[in-house]
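Undergrad:
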Amino acid sequence: MTSTVHRTCPLCEAVCGLTLTLDEGGHVTSVRGDKDDPFSKGFICPKGASLGRLDEDPDRLRKPLIREGDLWREAGWDEAFAAVKAGLDRVADRGSVAVYLGNPNAHTMAGALYGAPLIKALGTRNVFSASTADQMPKHVASGLMFGHPLSIPVPDLDRTDYLFMLGANPLESNGSLCTAPDFPGRLKALRRRGGRLVVVDPRRTRTAALADEHVFVRPGTDAYLLFGLVHTLFAEDLARPWHEVNGLAEVREAAKHFPPEVVARRTGVAAEVIVRLARELAGARTAAVYARIGTCTAEFGTLAQWLVEVLNVLTGNLDRPGGAMFAKPATEFSARRRPYSVGRWKSRVRGLPEANGELPVATLADEIETPGEGQIRFLLTIAGNPVLSAPHGDRLDAAFAGLDFMVSVDPYLNETTKHANVILPPPRVLQSGHYDFALLGLAVRNYARYSPPLLPLDERPSEAEILARLAMIASGLDGDLDTFVIDEMLRKATETAGSGIEGRDAAELRDLLEGETGAERRLDLMLRLGPYGEWAGKGDLSLRKLLDHPHGLDLGALEPRLDEVLKTASGLIELAPPQLIEDVERLRGKLEEEPPEIVLIGRRHLRSNNSWMHNVGPLVGGSNTCTLQIHPADVARLGLSGEAVVRSAKGQVTVPLEATDTIMPGVVSLPHGWGHAGGAQSVAAEHAGVSANTLTDETTIDVPSGNAVFNGVPVTISPTGVIIAH
């Protein structure tokens, strides 16, 4: 007795459809790609194929844990929530409360729908997340240029003739801030139709090996390279923006300081190569520039992301088929808002500005350790492991140990949650409904799919119910959070001109919503109000229609929609935001600096997605290991063999060497998310590795966004047993 079911894979940004076979006990016996999914068309990667193993990981927590001294005991849900309330009640000042949101929140309905109400209920500005260890430069650049931090253009992969990619390795990551199932297949199709793929990266990654051309670049110098391209477009009269913009003259003036022959010395990319690439971009019938985490997690990450879009604008490729375009997600409903800004408040200790309502995770330890009014004493973490993912993780490890109270919503006892007083584990993946609110706003083709829960809940609440109950504890209110949120959304929609339900009765509309849970009813509301929804007057999309189409719905190719997307005060693209033009001076100041002898960069693995997937046996081992990639010339020059000691200004690790000519001399690479110790994950403990964030420096950030710097970290390498005096 088996059953076949379908759902979206929630393990990375590719949103692939899966076909699962379950036995009569609800155990996954096989996982295949869903060939009837119109977006992923049967593509599957090793992570998706291991969904059943991850879902039934015996180390996942089933019941809440309460810590008493150094010991843990299982507790009932009511007792656990009572302990959380007691801990929060001891906090006299909500300014001493902080929240950390981990990467998996972007892959769950609960994280998307209940995070903001919970933060509002806690009444704190101390909000930190994985975004400032990953992608905040993209949000800030997009916000300042287009007026909204989620207005992020994506390359129109299926129609472009020329793709220029920096700091991205989608053959390993499956794509990031660019939702594209079977990214490898789409790149191969680009080349088959006569298109050209150029990859810029300090490593010859699997993606770079697939490309028509791979260009080595020194880590952290992407902004210089991009400015060299912009300089060439202006110098050779190749700039052809077809949108009206503000700031064209300011960008032209700024680019004068970065001619190819000057930036070549800083980047390691020959001037003639820079000039040729600029000409190719300008001359291609259609082209798109795409840059990801390698460029974001660098000292000039926001400038790099800004210059990516400057190039898309100057070559006439923004918002046109084959260029860089804006998705139209099915749940998009946003009234015009005030122009985007950063720095509405600042962190207490270092005075770092907020961005998107968040403070930089690079200053979280400062806020915990430094006495005074507003010192963080209560911390809530949701699906995150910042001890391994944030800069100088060893310092955070010690800081968490000194908190008065800590609560973690997490399925594992790990390097971070071991410090919690209460751990609240969400249910299994197959017990949870799934809709990709965030990721479908970055898709290379408009698409929607909802996966209802495949298995019933046991005695535990859903993750949505866990977060909702925490919000009610924090607010001191009684009632149903989903009803509060639905009523407020309906009130705004019925009062918004042109919404499709302007002037209608909100209570009557609420009664029309379908769904077994509050989360499903909220999804139904968002679909009906969205651009394809029946209440928007532009379609018939609703939760019912998605349930009737379990493989998903193709909503069409990307279409030009800049006029809908722009939310700047001027109504134009702001090509030269003052904050970024100001930061150009910082970039100029380091143009003539001598690069460090050796710098550290990160690395993605196909069978991993940060620290939380290292406890699945089939995903660990082989190429997915914690090694230091280093060029053979550096191995010989430094007299290394076997393993080596890597030292930075913040710490040191001893790690096995992997000599390879796929990495530039003077560059070494450690993968992210390793260093498992102190948790209760048996497989991860057997393959512990070392944490790259023992080496990273929390005092070095990308200034406009506050993003942590993980690429281009100066290090020294020595044989084991060698002592270096400082």
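Take 1 as the starting number for the sequence shown in my numbering and just add one per residue. No residue lacks a Cβ here, since even glycine has one placed at the ideal position from N, Cα and C.
#1: With H, G and I counted as helix, E and B as strand and the rest as coil, what does DSSP make of Y450?
#2: Compute the beta-carbon to beta-carbon distance between V217 and V198, rounded to the nearest angstrom, for a pair I have assumed lies under 8 Å.
#3: With C-beta atoms as the reference, is D583 less than 8 Å away from P704?
#4: Going by beta carbon distance, what residues of the same chain come within less than 6 Å of T160, once the five residues before and after it are set aside?
#5: What is the DSSP secondary structure of R395, reduced to helix, strand or coil?
#6: Note down the Cα distance separating F333 from M526, rounded to an integer number of angstroms.
#7: So for K41, helix, strand or coil by DSSP?
#8: Which of the three DSSP states, helix, strand or coil, is assigned to R206?
#9: If you compare alpha carbons, which of A327, E354, P10 and A223 is closest to A298?
#10: Between which two residues does the alpha helix (DSSP H) holding Q579 run?
#11: Using 8 Å as the threshold, is the C-beta distance between A133 and S341 below it?
#12: Just to confirm the assignment, what range does the alpha helix (DSSP H) spanning I368 have?
#13: Sorted by chain position, which residues of the same chain lie with C-beta nearer than 8 Å to L403's C-beta, five sequence neighbours on each side aside?
#14: Quick one: Cα of P427 to Cα of L529, how far?
#15: Tell me the rounded alpha-carbon separation between G95 and R348.
#16: From the DSSP secondary-structure annotation, give me the bridge partner or partners of P64.
#17: Please determine, among R647, R604, V599 and I630, the residue with the shortest C-alpha to C-alpha distance to V709.
#18: Can you list, in chain order, the residues of its chain whose CB lies under 7 Å from that of G268, leaving out five sequence neighbours each side?
#19: Can you check whether the CB of G17 is closer than 8 Å to the CB of R449?
#20: Could you check which residue in P714, L591 and Q652 has the C-alpha nearest to that of G228?
#21: Is F378 helix, strand or coil when you go by DSSP?
#22: CA-CA distance, I630 and A659?
#23: Taking DSSP as the reference, what is the three-state secondary structure of Y435?
#24: When the Cα atoms are used, what is the spatial distance from D182 to R204?
#25: Between the C-alpha atoms of I724 and E643, what's the straight-line distance to the nearest angstrom?
#26: What are the boundary residues of the beta strand (DSSP E) that includes H214?
#27: I'd like to check one pair, L424 with P64: are the Cβ atoms closer than 8 Å?
#28: Between the alpha carbons of C178 and V444, how many angstroms are there, rounded?
#29: Less than 8 Å between the CB atoms is what I'm expecting for E585 and G247, so what's the real figure, rounded?
#30: Is Q135 helix, strand or coil when you go by DSSP?
#31: Between which two residues does the alpha helix (DSSP H) carrying W306 extend?
#32: Given this structure, state the Cα-to-Cα distance separating E253 from D212, to the nearest angstrom.
#33: Are the beta-carbon atoms belonging to N126 and L359 less than 8 Å from one another?
#34: Given a cut-off of 8 Å on the beta-carbon distance, is the pair L166 and A291 in contact?
#35: Mind checking whether V690 and G666 have CB atoms under 8 Å apart?
#36: If you draw a straight line from the C-alpha of K47 to the C-alpha of L440, how long is it?
TA: On the basis of the coordinates in this document:
#1: By one-based count along the sequence shown, residue 450 stands at place 450. Coil.
#2: Position 217 of the sequence shown, counted from the start, is the residue given in the question as residue 217. Position 198 of the sequence shown, counted from the start, is the residue given in the question as residue 198. Not confirmed; about 12 Å, so no contact.
#3: As a position in the sequence shown, residue 583 is number 583, starting the count at 1. As a position in the sequence shown, residue 704 is number 704, starting the count at 1. Closer than 8 Å, so yes.
#4: Looking up residue 160 in the sequence shown gives position 160. Correct list, in chain order: T286, A288 and G322.
#5: For the purposes of this step, residue 395 is taken as the residue at position 395 of the sequence shown. Here DSSP, grouped into helix, strand and coil, assigns R395 to helix.
#6: Indexing the sequence shown from 1 puts residue 333 at position 333. Indexing the sequence shown from 1 puts residue 526 at position 526. CA-CA distance, F333 to M526, rounds to 7 Å.
#7: Indexing the sequence shown from 1 puts residue 41 at position 41. Three-state DSSP puts K41 in coil, outside helix and strand.
#8: Along the sequence shown, read from residue 1 onward, the residue named residue 206 stands at position 206. Reduced to three states, the DSSP call for R206 is helix.
#9: Residue mapping note: residue 298 aligns to position 298 of the sequence shown, counting from 1. For A298, the nearest C-alpha among the options comes from A223.
#10: Walking along the sequence shown from the start, residue 579 turns up at place 579. It spans P578 to G589 - the alpha helix (DSSP H) in which Q579 sits, taken as one unbroken run.
#11: Residue 133 sits at position 133 when you count from the first residue of the sequence shown. Residue 341 sits at position 341 when you count from the first residue of the sequence shown. Not in contact: A133 and S341 (Cβ atoms no closer than 8 Å).
#12: Along the sequence shown, read from residue 1 onward, the residue named residue 368 stands at position 368. Note, I368: alpha helix (DSSP H), L364 to E369.
#13: By one-based count along the sequence shown, residue 403 stands at place 403. Once the five neighbours on either side are set aside, the close Cβ partners of L403 are I368, I376, R377, F378, L379 and H419.
#14: Translated into positions along the sequence shown, residue 427 becomes position 427. Translated into positions along the sequence shown, residue 529 becomes position 529. The C-alpha of L529 is placed about 29 Å away from the C-alpha of P427.
#15: Here residue 95 refers to the residue found at position 95 of the sequence shown. Here residue 348 refers to the residue found at position 348 of the sequence shown. Cα to Cα, the separation comes out at about 10 Å.
#16: To locate residue 64, count along the sequence shown from 1; it is residue 64. DSSP output for P64 lists no bridge partner at all.
#17: Here residue 709 refers to the residue found at position 709 when the sequence shown is read from its first residue. Considering only R647, R604, V599 and I630, the residue with the shortest C-alpha distance to V709 is V599.
#18: Along the sequence shown, one-based indexing puts residue 268 at 268. The beta carbon of G268 lies closer than 7 Å to those of F216, V217 and R218 in the same chain, with the five residues before and after it left out.
#19: Here residue 449 is taken as the residue at index 449 of the sequence shown, counted from 1. Here residue 17 is taken as the residue at index 17 of the sequence shown, counted from 1. In contact: R449 and G17 (Cβ atoms closer than 8 Å).
#20: In the sequence shown, counting from the first residue as 1, residue 228 sits at position 228. Residue L591 is the option with its Cα nearest to G228.
#21: As a position in the sequence shown, residue 378 is number 378, starting the count at 1. In this structure, F378 counts as strand in the three-state DSSP scheme.
#22: By 1-based counting over the sequence shown, the position of residue 630 is 630. By 1-based counting over the sequence shown, the position of residue 659 is 659. If I take the Cα positions, the gap works out to 5 Å.
#23: What you label residue 435 is simply residue 435 of the sequence shown in a count that begins at 1. DSSP, reduced to helix, strand and coil, places Y435 outside both helices and strands of the structure shown, so it counts as coil.
#24: Position 182 of the sequence shown, counted from the start, is the residue given in the question as residue 182. Position 204 of the sequence shown, counted from the start, is the residue given in the question as residue 204. Looking at the two C-alpha atoms, the distance is approximately 20 Å.
#25: The count along the sequence shown starts at 1 and reaches residue 724 at position 724. The count along the sequence shown starts at 1 and reaches residue 643 at position 643. Low local confidence applies: a pLDDT of 49 at I724 is under 50, so the model's placement there is unreliable, with the coordinate-based value given in what follows. Straight-line measurement puts the Cα of E643 at about 16 Å from the Cα of I724.
#26: The residue you call residue 214 lines up with position 214 of the sequence shown. Counting along the chain, H214 sits inside the beta strand (DSSP E) bounded by residues E213 to V215.
#27: Residue mapping note: residue 64 aligns to position 64 of the sequence shown, counting from 1. Residue mapping note: residue 424 aligns to position 424 of the sequence shown, counting from 1. Yes, these two residues count as a Cβ contact at 8 Å.
#28: Position 178 of the sequence shown, counted from the first residue, corresponds to residue 178. Position 444 of the sequence shown, counted from the first residue, corresponds to residue 444. Distance between the alpha carbons of C178 and V444: 7 Å.
#29: Here the question's residue 585 lines up with position 585 in the sequence shown. Here the question's residue 247 lines up with position 247 in the sequence shown. Incorrect: roughly 16 Å between the Cβ atoms, too far for contact.
#30: Counting from one through the sequence shown, the residue named residue 135 turns up at place 135. In this structure, DSSP gives Q135 a state outside helix and strand, which the three-state scheme calls coil.
#31: As a position in the sequence shown, residue 306 is number 306, starting the count at 1. Bounds of the alpha helix (DSSP H) holding W306 are G301 to L314.
#32: Here residue 253 refers to the residue found at position 253 of the sequence shown. Here residue 212 refers to the residue found at position 212 of the sequence shown. In a straight line, the C-alpha of E253 is about 33 Å away from that of D212.
#33: Translated into positions along the sequence shown, residue 126 becomes position 126. Translated into positions along the sequence shown, residue 359 becomes position 359. Yes, the Cβ-Cβ distance between N126 and L359 is below 8 Å.
#34: Residue 166 sits at position 166 when you count from the first residue of the sequence shown. Residue 291 sits at position 291 when you count from the first residue of the sequence shown. Cβ atoms of L166 and A291: closer than 8 Å.
#35: For the purposes of this step, residue 690 is taken as the residue at position 690 of the sequence shown. For the purposes of this step, residue 666 is taken as the residue at position 666 of the sequence shown. No. Outside cutoff.
#36: Stepping through the sequence shown from its first residue, residue 47 is reached at position 47. Stepping through the sequence shown from its first residue, residue 440 is reached at position 440. One C-alpha to the other measures close to 20 Å.
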